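Note that my numbering has the sequence shown beginning at 118, numbered continuously upward.
Glycine residues also receive a C-beta, built at the ideal position from the N, C-alpha and C atoms.
Since we're looking at a predicted model, the values are computed, not measured.
Everything below concerns the one structure shown next.
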Amino acid sequence: NLSNPKEKKLYEEKYGKLLAPPAPDGLIPATDAVPPAPPVIIADTAPKQPKPMVVVDGIAMPVEYNVSKIDPSTIKEVNVLKGDAAIAIYGEKGNNGVIQVSTKSYTTKKALLIVDGKEMSWNDFEAKYKPEQIKSMNVLKGDKATSKYGDKAKEGAIEVTLK
Numbered sequence: 118n119l120s121n122p123k124e125k126k127l128y129e130e131k132y133g134k135l136l137a138p139p140a141p142d143g144l145i146p147a148t149d150a151v152p153p154a155p156p157v158i159i160a161d162t163a164p165k166q167p168k169p170m171v172v173v174d175g176i177a178m179p180v181e182y183n184v185s186k187i188d189p190s191t192i193k194e195v196n197v198l199k200g201d202a203a204i205a206i207y208g209e210k211g212n213n214g215v216i217q218v219s220t221k222s223y224t225t226k227k228a229l230l231i232v233d234g235k236e237m238s239w240n241d242f243e244a245k246y247k248p249e250q251i252k253s254m255n256v257l258k259g260d261k262a263t264s265k266y267g268d269k270a271k272e273g274a275i276e277v278t279l280k
């Protein structure tokens with residue numbers, strides 16, 4: 118009860134001067150009941166998790182590849198492999214897990230394959246290169262593929278740039 122001068126003085130020493138006089142019953146007005154709390158600063162201190170390997174239509178993507186850039190309407194299927202299952206298929210590169218994405222437009226080995234500007238067969242590509250040697254990939258479909266590479270790209274074209 119702050120109508121008692123001693124209690125009022127103790128309150129003011131602890132919380133500061135009242136902005137309004139106490140109510141006739143000696144209670145603190147609601148605006149002065151509790152001093153404002155200091156701001157809370159929240160920092161992300163969680164340890165950063167290593168990124169899983171991303172494989173799109175059978176081709177391993179570079180580490181910096183962002184899987185969220187794939188248009189969801191083009192995705193046919195997504196599989197997530199963890200632990201021993203990922204390592205059994207992809208070796209040590211799969212030790213952080215693997216996200217396998219299959220797109221609707223993916224046609225197994227029918228698209229024209231261009232590696233560093235030169236046409237290459239899928240069999241030669243798979244025999245000669247490993248996923249970690251790929252710097253980037255560009256998929257061309259429809260008119261974009263045929264206007265650049267002619268009828269041999271009617272099933273699309275995949276341009277691969279090596280590191």
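Leaving out the 5 sequence neighbours to the left and right, which residues in its chain are closer than 6 angstroms to K227 when beta-carbon positions are compared?
Position 110 of the sequence shown, counting from 1, holds the residue named residue 227. So the qualifying residues of the chain are E272.
In or out: L279 buried (at least 16 other Cβ within 10 Å) or exposed?
As a working note, residue 279 is residue 162 in the sequence shown. Counting Cβ neighbours within 10 Å, L279 comes out exposed, since fewer than 16 surround it.
Less than 6 angstroms between C-beta atoms, sequence neighbours within five positions excluded: which residues of the same chain meet that for K269?
Translated into the one-based positions of the sequence shown, residue 269 becomes position 152. Here the set comprises L229.
Indicate the three-state DSSP secondary structure (helix, strand or coil) for E272 in the structure shown.
In the sequence shown, the residue the question calls residue 272 occupies position 155. Coil.
Any chance the region 190-197 sits against the region 236-244, with 3 or more Cβ pairs inside 8 angstroms?
no
Please specify which runs of the alpha helix (DSSP H), each continuous and at least 4 residues long, are wholly inside the region 184-221, giving them in chain order.
200-207
Nearest to V256 (by Cα), restricted to the options I206, V173, D201 and E209:
Looking up residue 256 in the sequence shown gives position 139. Closest by alpha carbon: V173.
Kindly list the residues whose CB is nearer than 7 angstroms to the CB of V184, restricted to its own chain and excluding five residues on each side of it in sequence; keep chain order.
Residue 184 sits at position 67 when you count from the first residue of the sequence shown. Here the set comprises V171, I216 and V218.
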